[in-house]
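Using my numbering, the letters of the sequence shown correspond one by one to residues 256 to 585. Note that the Cβ used here is the ideal one computed from N, Cα and C, for glycine as well. Treat the numbers as computed from the prediction; the structure is a model and nothing was measured.
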Amino acid sequence: MSEPQTHSQTEPQTAQKQSRSLVGRVAIWAITLGCFYLLYTRLDGAAARQGQELVPYLLSVFEKVNWLALLGLLIPYSFVFFLLDSVTVWRTVNWFNARVRFLDILPVRASTYILSILNEQVGKGAMALYLQQREGVPGWKLASSMLFLMFCEFYYLLGWATLGWWMNGHELPPVFGVIPMIAIGALVFFAIFYGYFRGAYLKGSELRNKQILHAFRKARLKHYLTIVAIKSPALLTAVLVYDLALGLFGVELTMTQMLGYLPVVFFGAGVPGPMRAVAITLWVVLLPDHAVEMAAFALVMHNFFIFFNAAIGLIFLRRTQRELFGRAQV
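If you want it as structure tokens, here you go:
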């Protein structure tokens, strides 16, 4: 009797999960198609104002770029990001899960960049799977560490976006005026959130004891601040690199303007979808007077970064596969 009941309970749950997955995929593609449609209308209009067809106009922008100079900016930046990103993962795992050497984190973090071509969060999930297999840490606790990193990333981007607005808000589009209000709301939320996990109130609540929230239960304020401090040099380097690279596409921005724009665009880059469509669209919307140049710039910058990091991952892929599947067979 119990076996049919198990099947009857499992089937609706499976159907529900499949339905949510389908809705998620449809939403991602709807966002992507909407972005591409908006891009096409903006770019085609910009080309028409110059009396040209879109494709020849776009190609003419690419022809003017000094590609060697651009590679000289992007390749070192990719390695800087990779190293700092690996440090944040290493520190987080050592705080909340297991003692792991930095040199053991590097291969798995690099290899997950291959999956990040599809979605950055898929890459983080693969990293949790690898560490679970390697260190024997429960998967939910590792997932909580990945959630902790994503949580910190939101606040670090918001913090720098707020600083960029404060330094140069008058030169940014009016819509950026919501940034300080979002920042205030986020700080209030963090105070409530942190107080809850430190047991300041609702002491009888069982939610904080869930394994998926393990990292937040263990985290102190210094842990949040340390992750923000480690990741911040990567953003400041990105501001410099993106600003210099944009000049190669014939568009000039001040460093403080770029500091205002870039964290917002990086939020968009985190939205799943082909070719980082949301991030590319944001550049075009934010700088409509240079729509075609910004589309070319964004297409190169965001996709080079993804694929070059994936190439770094290929260097370490064999070792990662050997450790993951070799251990699984044992």
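Query	Result
Measuring CB to CB, does L514 end up less than 7 Å from V494?	yes
Would you list, in sequence order, the uninterrupted alpha helix (DSSP H) runs of no fewer than 4 residues that lie entirely inside the region 513–570?	532–541
I believe S487 touches Y411 by the beta-carbon criterion, under 8 Å. Please report the beta-carbon distance rounded to the nearest angstrom.	6 Å
On the three-state DSSP scale, how would you describe Q362?	The sequence shown places Pro at residue 362, not Gln. Of the three classes helix, strand and coil, the one that applies to P362 here is helix, per DSSP.
Taking A381 as the reference, which of S366, E390 and F445 has the closest Cα?	S366
Name the residue from P311, L542 and I570 whose alpha carbon lies nearest to the alpha carbon of E426.	L542
Which class does E318 belong to by DSSP, given the choice of helix, strand or coil?	helix
So, using beta-carbon positions, are Q466 and W395 closer together than 7 Å?	yes
F431 lies in the alpha helix (DSSP H); which residues open and close that run?	F431 -> no alpha helix (DSSP H), and no H or E assigned at all.
Can you tell me the Cα-Cα spacing of L418 and F522, whole angstroms?	16 Å
Just to check, is the beta-carbon of F409 closer than 6 Å to a non-hydrogen atom of the ligand FMN?	Judged by which ligands are present, the structure shown has none, so any question about the ligand FMN falls away.
Note down, in chain order, each residue of its chain lying with its Cβ closer than 7 Å to the Cβ of A551, except the 5 sequence neighbours on either side.	L313, V316, F317 and F504
Could you check where the alpha helix (DSSP H) with N423 kicks off and where it finishes?	G394 to N423
What is the C-beta distance between N236 and L397, in whole angstroms, given that I count them as a contact (C-beta under 8 Å)?	This structure cannot settle anything about residue 236, because the visible part of the chain is limited to 256 through 585.
DSSP three-state label for N352, please.	coil
If you follow the alpha helix (DSSP H) that T492 is part of, which residue opens it and which one closes it?	L476 to L503
Considering only their Cβ atoms, is the gap separating A546 from V539 smaller than 7 Å?	yes
Skipping 5 residues on each side, what residues in its chain have a beta carbon closer than 7 Å to that of M436?	none
Quick one, are the C-beta atoms of P362 and T536 less than 7 Å apart?	no
Since I believe I369 is in contact with A565 (beta carbons under 8 Å), could you give me their beta-carbon distance rounded to a whole number of angstroms?	5 Å
Please work out which residues of its chain come closer than 8 Å, Cβ to Cβ, to M476, disregarding the five sequence neighbours upstream and downstream, and give them in chain order.	With the sequence shown as reference, residue 476 is identified as Leu, and Met is not the correct amino acid for it. Hits under 8 Å: Y449.
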